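Enquirer:
There are 2 protein chains.
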Amino acid sequence: MATSQSSFLNGVPELLVLRLLRDREMYGYEIVQAIREASDEAIGFAEGVIYPLLHSLERDGALTTRRQTVNGRSRVYYRVTPVGAGRLAVLAEQWHDLHRTIAGILAEPRHA
Amino acid sequence: MATSQSSFLNGVPELLVLRLLRDREMYGYEIVQAIREASDEAIGFAEGVIYPLLHSLERDGALTTRRQTVNGRSRVYYRVTPVGAGRLAVLAEQWHDLHRTIAGILAEPRHA
DNA sequence: TTCGATACCTATTTCACCTAGGTATGATGC
DNA sequence: GCATCATACCTAGGTGAAATAGGTATCGAA
Chain A
1 MATSQSSFLN GVPELLVLRL LRDREMYGYE IVQAIREASD EAIGFAEGVI YPLLHSLERD
61 GALTTRRQTV NGRSRVYYRV TPVGAGRLAV LAEQWHDLHR TIAGILAEPR HA
Chain B
1 MATSQSSFLN GVPELLVLRL LRDREMYGYE IVQAIREASD EAIGFAEGVI YPLLHSLERD
61 GALTTRRQTV NGRSRVYYRV TPVGAGRLAV LAEQWHDLHR TIAGILAEPR HA
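The listed protein sequences correspond, in order, to chains A and B. UniProt numbering applies: residue 1 is where the first sequence begins, and numbers increase by one. UniProt numbering applies: residue 1 is where the second sequence begins, and numbers increase by one.
Spelled out as structure tokens, the structure:
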């Protein structure tokens, strides 16, 4: 009908992951903890959400990986590519637009 | 794992519908148009989203209905109950919390 | 009389996310 | 010596809100 198809609501895990990785490279397990801490326990995406997401972002060329073993444990570090940076910009913009729109509707006492 | 389960993102159609109905009673088709116009075409929930939602909100006691025929066409007007008002308050609060959390993560240059 | 707008409806599909497992290593405690 | 927890990776399968895609019927305009 009008503007819809790809639900504008989705992509928040993706948005947060890209945002965190924009500052510095991180590994999956670290990202899971970071989101939880950064959101003050409010948001807790499980590994089952983050790992598949990282894989698909890598497939899309938004992230590159680097493997490193630390203390006998293998870590996969992710880094944002220019493609990923562009994706982040788009998602952040969409998020802001959505919020502005909804905030407007929630606030307005008018509307004929 | 942590705070998650019922995807915090959902419920936006419900939030908007309840918000619109808080001001005045409206009928389904009218709500579909109102959301589109109020969002300046940015959000366009189809009838297939709104009607089932209205029905489930009525089942939950959040809305009451009144049927009226206008110009040979039957309209079903919906009105918010106290239960629905409470639900609206909860959803609005959740939405604000979520936005605050995400905005914080998007903004912060810090985070150890 | 064909078409679009109005006004209602629901069956089906999709897909993002959630759940719930699995493997393996290192450190801690008993 | 052995259980247990945190670390660190992984994926198969289920769920459910929303998206898609239909359907019925009336009215007005071209």
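C-beta atoms are modelled at their ideal positions from N, C-alpha and C, and glycine is treated no differently. Just so we're clear, the structure is a prediction, and the values are computed from it rather than from any experiment.
1) Grab me the residues of glycine 72 of chain B's own chain with a C-beta within less than 7 angstroms of its C-beta, minus the 5 sequence neighbours each way, in chain order.
2) Determine the closest residue to isoleucine 31 of chain B out of B/Asp40, B/Glu108, B/Ala107, B/Leu16, with distance taken between C-alpha atoms.
3) Take the Cβ of alanine 46 of chain A as the centre, count every other Cβ of all protein chains shown within 10 Å, and call the residue buried at 16 or more, exposed below.
4) For tyrosine 19 of chain B and chain A, any beta-carbon pair shorter than 8 angstroms?
5) Name the residue from A/Thr64, A/Glu108, A/Gly11, A/Arg79 whose alpha carbon lies nearest to the alpha carbon of arginine 24 of chain A.
6) Short of 6 angstroms in beta carbon distance, which residues of its chain neighbour valine 49 of chain B, apart from the five on each side in sequence? Order them along the chain.
7) Using a Cβ cut-off of 8 angstroms (strictly closer), state whether valine 76 of chain A contacts chain B.
8) Could you tell me which residues DSSP pairs with arginine 66 of chain B in its beta bridges?
9) When you compare each of B/Gly104, B/Glu108, B/Gly61, B/Arg87 to arginine 19 of chain B by their alpha carbons, which one comes out closest?
10) By DSSP's criteria, tyrosine 27 of chain B is part of a beta bridge. Which residues make up the other side?
11) Please work out which residues of its chain come closer than 8 angstroms, Cβ to Cβ, to leucine 53 of chain B, disregarding the five sequence neighbours upstream and downstream, and give them in chain order.
12) At 9 angstroms on the CB atoms, spell out the chain B contacts of isoleucine 50 of chain A, in chain order.
13) Does the beta carbon of histidine 55 of chain B sit closer than 8 angstroms to a beta carbon anywhere in chain A?
14) Which of the three DSSP states is assigned to proline 82 of chain A in this structure?
15) Give the interface partners of valine 90 of chain A over in chain B, defined as CB-CB distance under 9 angstroms, in chain order.
16) Please identify the residue among B/Ala85, B/Val70, B/Ile105, B/Val76 whose C-alpha is closest to the C-alpha of alanine 62 of chain B.
17) Which same chain residues, not among the five before or five after threonine 69 of chain A, have their C-beta less than 8 angstroms away from its C-beta?
Expert: Based on what the coordinates show:
1) Once the five neighbours on either side are set aside, glycine 72 of chain B has no close Cβ partner at all.
2) B/Leu16
3) exposed
4) Rather than tyrosine, the amino acid found at residue 19 of chain B in this sequence is arginine. Yes, arginine 19 of chain B lies at the interface with chain A (some Cβ there is under 8 angstroms from its Cβ).
5) Comparing Cα-Cα distances from arginine 24 of chain A to each of A/Thr64, A/Glu108, A/Gly11, A/Arg79, the minimum goes to A/Arg79.
6) Its chain contains Pro13 as the residues whose beta carbon lies nearer than 6 angstroms to that of valine 49 of chain B, once the 5 sequence neighbours on both sides are disregarded; these appear in chain order.
7) no
8) B/Tyr77
9) Residue B/Arg87 is the option with its Cα nearest to arginine 19 of chain B.
10) B/Tyr77
11) Pro13, Glu14, Val17
12) Simply none; closest approach about 11 angstroms.
13) no
14) helix
15) Taking a Cβ-Cβ threshold of 9 angstroms, none of the residues of chain B is close to valine 90 of chain A; the smallest such distance is about 13 angstroms.
16) B/Ala85
17) Excluding positions up to five away in sequence, the list reads Arg75.
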